[in-house]
Amino acid sequence: MNASLTDPQLRDPLLRRVADADPAPRLDLTAAEAARAQALLSRLEATPRGVAAAAEPRRRRLPRAKARLAAAGAAVLAVVAAAVLAPSTASADVVLLQAADAAALQPQATGEYWYLRWQVQDQIPVGAAGAATPMTYQREDWLSRERGVARDEVSGAFRAVEAGTTTINPDDVRVSDYGLDEDGHPAVPTFGGLTWDEVDALPTEQVALRAALLDATPDSGHGRDYDLWDITSQLLLGSPAEPTLRRALWQVLAGIPEVRLLGSETDAVGREGTAVEARFADWYVIVLVLDPRTGALLERRSTLPDGTWPLVSTLVEQGPRDSAPEPQPPLCGPGSDPYMSC
Numbered sequence: 001m002n003a004s005l006t007d008p009q010l011r012d013p014l015l016r017r018v019a020d021a022d023p024a025p026r027l028d029l030t031a032a033e034a035a036r037a038q039a040l041l042s043r044l045e046a047t048p049r050g051v052a053a054a055a056e057p058r059r060r061r062l063p064r065a066k067a068r069l070a071a072a073g074a075a076v077l078a079v080v081a082a083a084v085l086a087p088s089t090a091s092a093d094v095v096l097l098q099a100a101d102a103a104a105l106q107p108q109a110t111g112e113y114w115y116l117r118w119q120v121q122d123q124i125p126v127g128a129a130g131a132a133t134p135m136t137y138q139r140e141d142w143l144s145r146e147r148g149v150a151r152d153e154v155s156g157a158f159r160a161v162e163a164g165t166t167t168i169n170p171d172d173v174r175v176s177d178y179g180l181d182e183d184g185h186p187a188v189p190t191f192g193g194l195t196w197d198e199v200d201a202l203p204t205e206q207v208a209l210r211a212a213l214l215d216a217t218p219d220s221g222h223g224r225d226y227d228l229w230d231i232t233s234q235l236l237l238g239s240p241a242e243p244t245l246r247r248a249l250w251q252v253l254a255g256i257p258e259v260r261l262l263g264s265e266t267d268a269v270g271r272e273g274t275a276v277e278a279r280f281a282d283w284y285v286i287v288l289v290l291d292p293r294t295g296a297l298l299e300r301r302s303t304l305p306d307g308t309w310p311l312v313s314t315l316v317e318q319g320p321r322d323s324a325p326e327p328q329p330p331l332c333g334p335g336s337d338p339y340m341s342c
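Numbering of the sequence shown is given in the numbering used here, commencing with residue 1 and proceeding in unit increments.
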């Protein structure tokens with residue numbers, strides 16, 4: 001009788017598939033198969049040597065069974081290493097699932113406010129002709145469950161471009177609130193369209209989370225995969241999502257078929273990461289730069305399909321804060337538009 005079918009360790013269909021490809025496996029495993037293959041290999045290596053030897057009636061078959069077992073273990077290790085470590089064979093879903101596992105291990109930070117510091121590379125339009133000037137500016141957000149304030153240099157960037165320069169005058173930058181709602185109360189900040197309380201209420205299981213995000217996201221007309229990609233990347237980039245939710249968000253991204261791996265890249269502030277790209281028909285091309293070792297999303301870039309009109313949002317720092325600065329009077333007086341000159 002074939003030892004690969006009688007030995008309990010080799011009854012697993014995935015392990016048998018790898019073992020039967022011995023001695024030179026060339027298998028394309030999905031991310032889930034690669035993860036389970038690694039778990040099987042760990043189980044094989046942890047099995048005490050005396051366990052199999054206790055089966056006296058099969059003693060004569062044990063050398064062959066052990067040889068098949070060792071070959072299978074080596075084959076699994078080779079396939080897993082190739083799928084996860086080799087840049088030429090890695091895929092976007094493997095990288096995103098690696099980020100998911102890392103994100104789940106990060107500590108949960110608590111505080112009254114969620115602080116975000118950004119660097120933004122944008123195109124500032126000039127005049128009615130539609131011409132634009134590339135500008136780099138900074139933004140800070142202090143977001144609570146009830147209110148938010150921001151110090152956003154975009155108003156200074158607009159004024160600089162109107163003045164024919166790319167240098168932002170610090171006197172043109174103010175700390176401002178998020179405005180008022182229709183009842184005259186401070187506007188509640190949102191993350192991808194969801195309040196902090198709504199983010200906390202999201203399920204942390206991948207399938208349920210995907211359904212909840214689609215239910216919470218209006219149809220943009222650019223495809224539901226785009227809508228899912230957009231809200232999920234926004235939540236990963238700037239929300240106070242707790243670690244198990246971040247893991248599920250990365251898992252949702254890994255299931256979007258338009259995603260492909262670009263490889264190693266640095267973000268706009270010089271941090272090393274891995275880039276993945278999503279292309280949607282007749283809509284923006286979006287690139288995410290992430291650190292798979294920590295599960296952190298570092299940067300989001302979007303361009304038109306022809307590569308024009310780039311917008312790069314780099315998350316330089318985030319974390320809890322116990323206080324926030326008070327809003328300052330608007331530069332041009334009450335009710336003035338911060339994006340227009342006085």
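Backbone N, C-alpha and C fix where the C-beta goes; we use that ideal spot for every residue, glycine too. Owing to the predicted nature of the structure, the values given are computational and were not obtained by experimental measurement.
Inclusion of P292 and Q98 in the CB contact set at 8 Å is warranted, their separation being smaller than that value. Proximity to D181 across A212, R147 and E153 peaks at R147, based on C-alpha coordinates. If you draw a 10 Å sphere on the C-beta of E205, you find fewer than 16 other C-beta atoms in it, and that means exposed. Per DSSP, reduced to three states, the secondary structure at R260 is strand.
In the three-state scheme derived from DSSP, where H, G and I count as helix and E and B as strand, R301 is classed as strand.
For P325, there is no enclosing alpha helix (DSSP H), as DSSP gives it neither H nor E.
Your pair L290 and E277 does not check out as a contact, with CB atoms roughly 12 Å apart and the cut at 8 Å. Within its own chain, the residues whose Cβ lies closer than 8 Å to the Cβ of D101, once the five positions on either side in sequence are excluded, are R247 and G295, listed in chain order. Pairwise C-beta distances place the stretch 166–186 in contact with the stretch 321–329, as three or more of them are shorter than 8 Å. With respect to the C-alpha of T190, the residue from Q234, L228 and N169 having the closest C-alpha is Q234.
Going by DSSP, S155 is part of the alpha helix (DSSP H) stretching over V154 to E162. Going by C-alpha positions, A212 is about 14 Å away from D219.
In chain order, Y137, E153, G156, A157 and A160 place their CB closer than 7 Å to the CB of I168, counting only its own chain and leaving out the 5 sequence neighbours on each side.
For A103, the closest C-alpha among the options T166, A241, R271 and G270 is that of A241. Looking only at R279, L214, A132 and D141, the smallest Cα-Cα distance to T166 is reached by A132. Contact between the stretch 253–262 and the stretch 308–324 is not established, with fewer than three Cβ pairs separated by less than 8 Å. Straight-line measurement puts the Cα of P134 at about 4 Å from the Cα of Q123.
Nearest to Q106 by C-alpha distance, out of G319, S323 and A324, is G319. Straight through space, the alpha carbons of A163 and D200 are spaced by roughly 44 Å. Out of D267, R321 and L253, the CA that lies nearest to the CA of S91 is found in L253. Taking C-beta separations shorter than 8 Å and ignoring five residues to either side along the sequence, the partners of L228 in its chain run R210, L213, L214, T217, V252 and I256, following chain order.
Residue nearest to P325 within the set L297, G307, G192 and Y113 is Y113 (criterion: CA-CA distance). With respect to S302, V285 sits close: the two C-beta atoms are nearer than 8 Å. One thing to note: R321 has its Cβ within 8 Å of the Cβ of G111. Listed in chain order, the beta strand (DSSP E) runs fully inside the stretch 169–241 are 175–177, counting runs of at least 3 residues. One alpha carbon belongs to W196, the other to E140, and they sit about 18 Å apart.
By the neighbour-count criterion, in which 16 or more other beta carbons inside 10 Å mark a residue as buried, E317 falls on the exposed side. Only residues of its own chain outside the window of five on either side were considered, and among them Y284 and V285 have a CB closer than 8 Å to the CB of L304, listed in chain order.
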